[in-house]
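In our numbering, the protein residues as written are 141 to 489.
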């Protein structure tokens with residue numbers, strides 16, 4: 141038996157981190173495990189040396205010849221690994237795998253990792269999802285986005301928390317606000333910078349540290365300068381040790397317009413970092429955060445509400461400590477072993 145995880149690439153992101161955690165856990169249990177990358181060769185997260193990494197292609201930029209070569213290479217791989225369990229963690233990976241593995245004995249499980257309503261080409265996506273034996277969704281809100289027949293073959297499994305997370309920090313926290321995520325429009329770091337500029341007027345001693353890389357890097361740096369906070373905002377890029385780097389921070393902020401479930405958010409909760417998150421579709425933050433108890437939820441795109449949430453944590457240490465303690469409790473139920481078991485159960489392994 142072989143489990144093959146399918147992703148475009150692993151340059152560092154939420155889906156890639158979940159795949160790395162699950163792949164490492166399964167190989168420890170004695171399963172044969174592979175990671176098939178069809179549009180790149182980056183592996184930002186550590187993988188057990190027993191895990192096979194198969195590179196099926198590079199980014200195609202829509203070039204049909206590159207895509208066809210990718211399909212043939214994937215087909216040769218699936219033919220060589222008949223009866224494998226394909227765990228696809230992206231829409232394109234599902235479509236390519238359905239086409240490449242046609243007529244070859246296999247079993248397919250699909251894990252949807254984002255807001256289903258934001259995906260283009262939903263007809264093609266749904267066609268490929270109907271070929272899967274199981275559709276794994278992160279929240280009940282996600283389930284309601286799909287047609288009835290797909291809902292019936294779906295299961296809700298939230299994101300896991302790694303077993304080796306740093307212990308919650310005990311002591312005086314740094315006057316540092318942190319955010320972790322790709323520098324792309326979905327994450328709405330522009331909102332975060334606007335809110336931090338307002339927050340900074342009352343709390344000038346705080347810094348904002350943004351971890352992540354992406355297409356908006358230059359735009360966000362420019363915005364910080366224009367807002368007059370360029371010397372208080374630190375762009376940290378990608379870090380493979382981000383948990384250790386943020387655990388003593390005053391607060392964590394997720395400003396996304398939409399999310400499946402943010403790994404960085406639940407890791408912050410698990411480490412006791414007080415968390416603020418937009419209450420964004422499709423309900424992932426709401427699954428983990430009870431507003432005002434284990435974290436703070438703010439409306440999507442609401443600059444004033446986000447500013448006030450940051451001020452509330454900065455201005456009330458006992459309130460921040462309460463969020464920290466309750467956040468740790470909320471995150472404990474999502475341990476890696478439990479979530480890994482549930483994936484195997486849904487796959488029929």
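Glycine included, each C-beta is placed from N, C-alpha and C at the ideal position.
Where residue 464 is concerned, the enclosing alpha helix (DSSP H) starts and stops at 457-471. 8 Å or more divides the Cβ of residue 389 from the Cβ of residue 331. Looking from the CA of residue 351, the closest CA among 481, 380, 286 belongs to 380. In the displayed model, residue 219 falls within a helix according to three-state DSSP. Cβ contact annotation for residue 357 (same chain, cutoff 6 Å, sequence separation greater than five): 323, in chain order.
Cβ neighbours of residue 231 within its own chain (closer than 7 Å, five residues either side excluded): 259, 265. Ranked by Cα distance from residue 406, the options 368, 319, 281, 197 are led by 319. The C-alpha of residue 168 lies about 23 Å from the C-alpha of residue 218. Looking at the DSSP output, residue 358 sits in no beta bridge, so it has no partner there. Cβ-Cβ distances below 7 Å link residue 199 to 179, 180 in the same chain, with the five nearest sequence neighbours on each side left out; the list follows chain order. Relative to residue 279, the option among 246, 234, 292, 299 whose CA is nearest is 299. Comparing alpha carbon positions, the residue from 402, 432, 248 closest to residue 423 is 402. Here DSSP, grouped into helix, strand and coil, assigns residue 246 to strand. For residue 311, same chain residues with a beta-carbon under 8 Å away, outside a window of 5 residues either side, are 388 in chain order. Residue 361 and residue 221 have their C-alpha atoms roughly 47 Å apart. The alpha-carbon separation between residue 428 and residue 236 amounts to approximately 33 Å.
Judged by their CB atoms, residue 252 and residue 277 are nearer to each other than the 8 Å cut-off.
Sequence-distant partners of residue 438 (beyond 5 residues in either direction) whose C-beta falls short of 7 Å from its own C-beta, in its chain, are 416, 418, 419, 445, 446, 449. For residue 367, no beta strand (DSSP E) run applies, since DSSP gives it neither H nor E. Note on geometry: alpha-carbon atoms of residue 476 and residue 486 lie some 16 Å from one another. A distance below 8 Å separates the beta carbons of residue 227 and residue 146. Between residue 301 and residue 480, the C-beta spacing is not below 8 Å.
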